[in-house]
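Below is one structure, written out as structure tokens, with a few remarks after it.
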Amino acid sequence: MGSTRNEVTGGLRPVRVWDWPTRLFHWALALCVVGAVLSAKVGGNAMEWHFRLGLAVLALLVFRLLWGVVGGRWSRFASFVYAPATLLRYVRGRALPQEHLDVGHSPTGALSVFALLGLLAVQVATGLVADDEIASTGPLVRFVESATSLAATSWHKSWGQWLLLGLVALHVAAIAVYRLVHRRDLVTPMLVGDKPLPPDVPASADHAGRWGLALIALSLGVALALWVQAQGG
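Quick note: the sequence shown uses the UniProt record's numbering, first residue 1, plus one each step.
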């Protein structure tokens, strides 16, 4: 019975790639970013939610930074920081089987992830010191010069906003291309955690002990976000 099943699946087996904390982070971040963008567009009283969601993104980014060091195998930055030569071979279709470049974040996917995380960090930072000179100021605006605050506000509302939307659109488009052209589903593994992979692919640890570690990392992010919020008075 087992050999028949292996023949049907081509010798693949479900391997835990995305642990629970990574998956929850991914979808929570997506919801917060969408909510922050929409609330900014609505304006008025909705700006209160824009600030709250911005602080939530801050907490999530701190979590991801820590989880990138201590998280599950395929969530660690070490698993998807690639040398330029590796990226070039991947783009040329010459990746080595033992490299497992398509298990977690591929070399091109890693570039997208780092770009999104970096740009989100800049957006949060500029939002914290922003001042629209009408009714809204960031909680850390008193710590910077007026010129710095105005420059941060300009970036946050123009280049930063449009670059972020562009990267999100590119991210979604890449997922669609992988699904329609390469017949690879990137969404389901981020929902269920597992991918059908060869038996020699190591799995990410995903158990109660790891979840406790994730809770500590998230708590540190929340603590920082609450401290930042308190600076606004």
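Just so it is clear, CB atoms sit at the ideal spot from N, CA and C, and this is done for glycine as well.
Under the three-state reduction of DSSP output, R16 falls in the strand class.
Setting aside the 5 residues that flank it on each side, P202 is surrounded in the same chain by R73, each with a C-beta closer than 7 angstroms to its C-beta; the list follows chain order. DSSP places L197 in the uninterrupted beta strand (DSSP E) bounded by D194 to L197.
According to the DSSP secondary-structure assignment, D131 is paired through a beta bridge with T137.
Within the stretch 84-170, the complete alpha helix (DSSP H) segments of 4 residues or longer fall at 84-91, 107-128 and 146-157, listed in chain order. Counted as a single uninterrupted DSSP element, the alpha helix (DSSP H) harbouring F63 occupies residues M47 to V70. The C-alpha of A130 is placed about 34 angstroms away from the C-alpha of P107. With distances taken between CA atoms, D19 lies nearest to V70 out of V70, L220 and P199.
Around the Cβ of P97, a 10 Å sphere holds fewer than 16 other Cβ atoms; the residue is exposed. Closest in alpha carbon position to F77, among G138, G104, I175 and R142, is G104.
For L224, the uninterrupted alpha helix (DSSP H) run begins and ends at A208 to Q231, by DSSP. Distance between L128 and S75, taken at the CA atoms: about 28 angstroms. Of A208, V181 and F114, the smallest CA-CA separation from L164 is found for F114.
Around the beta carbon of L101, a 10 Å sphere encloses 16 or more other beta carbons of the protein chains shown; the residue is thus reported as buried.
Distance from D132 to T148 at the Cβ level is roughly 15 angstroms; contact not present, criterion being Cβ atoms closer than 8 angstroms.
Distance check between L24 and each of A214, I175 and W227 places A214 closest, using alpha-carbon atoms only. The three-state secondary structure of L29, taken from DSSP, is helix. With fewer than 16 neighbouring CB atoms inside 10 Å of its own CB, Q231 falls in the exposed class. A distance below 7 angstroms between beta-carbons, with the five flanking residues on each side excluded, links A28 to the following residues of its chain, in chain order: L60. Nearest neighbour of L119 by Cα position, chosen from K195, H207 and Q161, turns out to be Q161.
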